[in-house]
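A.B. asks: Residue numbers (my numbering): 83 to 366.
This is the structure I want to talk about, given as structure tokens.
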């Protein structure tokens with residue numbers, strides 16, 4: 083079972099965080115399966131829609147990497163409106179962190195970011211796909227995003243949207259990405275305090291602000307050797323969840339990144355979107 087936001091909700095719940103999921107499912111067999119498998123997550127705010135199929139995703143996995151993906155989400159996504167977000171404003175207001183999935187329609191993302199900004203909440207944006215990076219810029223609330231985690235292609239698109247000219251080879255290494263971010267930090271980082279660029283088997287490039295507000299840079303190795311990878315699906319979501327859980331539990335950014343690495347390592351070794359081995363002890 084997958085879905086970007088659901089993967090995060092699951093991994094966060096496994097880490098012992100109170101995880102509230104706001105979304106929609108169909109009144110069908112897949113929707114029933116989702117409800118049966120979500121006992122760790124608060125799904126009381128998930129809308130059940132009659133006559134629309136629950137979102138499904140088919141991935142073709144070759145040697146641990148997703149080569150092709152087929153998604154059927156549009157019919158259900160169109161039923162998620164800004165009013166659903168407004169109805170659940172109390173949950174956003176009470177949260178420590180909001181995870182925003184870029185699969186959502188722009189008006190829905192805009193409403194979530196507007197509420198987050200109003201209540202001064204931290205927002206982690208998951209771009210999800212190169213073609214969806216632009217969505218958050220179209221909301222008019224890009225400044226409400228405090229953390230994000232694009233992959234290599236999504237980062238190149240992000241840079242273009244920020245009017246930063248880059249050569250595609252910049253994502254060939256974490257060091258070259260960090261050099262670019264340091265050079266163009268004002269344009270690229272916007273209002274984010276954590277900016278992670280995941281580079282598959284090249285590791286990750288991380289720019290973050292320390293407790294004094296100073297910008298620091300760190301390159302992370304791949305969480306697991308490629309020959310040991312079962313599937314990459316969900317690994318990035320597990321990484322993000324580990325970082326978020328660490329920060330919520332008052333860990334430093336460096337400590338939180340290591341928790342994220344361990345969560346990703348565990349998920350990379352399974353075909354599940356969030357490893358069953360992820361548990362609260364990883365925070366200690």
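Idealized CB from N, CA, C, for every residue including glycine.
I need the DSSP call for residue 342, collapsed to helix, strand or coil.
C.D. replies: helix
A.B. asks: Can you tell me whether DSSP reads residue 296 as helix, strand or coil?
C.D. replies: coil
A.B. asks: Are the segment 205-225 and the segment 109-126 touching by the rule of at least three beta carbon pairs closer than 8 Å?
C.D. replies: Taking one beta carbon from each stretch, the segment 205-225 and the segment 109-126 have fewer than 3 pairs nearer than 8 Å; the two do not touch.
A.B. asks: Assuming residue 143 is part of the beta strand (DSSP E), what are its boundary residues?
C.D. replies: 138-144
A.B. asks: List in chain order: all unbroken beta strand (DSSP E) runs of 3+ residues lying wholly within the segment 199-223.
C.D. replies: 204-208
A.B. asks: Taking the alpha helix (DSSP H) that residue 96 falls in, what are its first and last residues?
C.D. replies: 86-96
A.B. asks: Taking residue 360 and residue 97 to be in contact with their CB atoms under 8 Å, please state how far apart those CB atoms are, rounded to whole angstroms.
C.D. replies: 6 Å
A.B. asks: Is there contact between the segment 309-324 and the segment 253-260, where contact requires at least three CB pairs shorter than 8 Å?
C.D. replies: no
A.B. asks: Taking its Cβ as the centre, do 16 or more other Cβ atoms sit within 10 Å of residue 88, making it buried, or is it exposed?
C.D. replies: buried
A.B. asks: Give a yes or no on whether 9 Å exceeds the smallest Cβ distance from residue 228 to chain B.
C.D. replies: Among the chains in the structure shown there is no chain B, since it carries only a single protein chain.
A.B. asks: By Cβ distance, which residues of its chain are closer than 7 Å to residue 196, with the 5 residues on each side in sequence left out?
C.D. replies: 223
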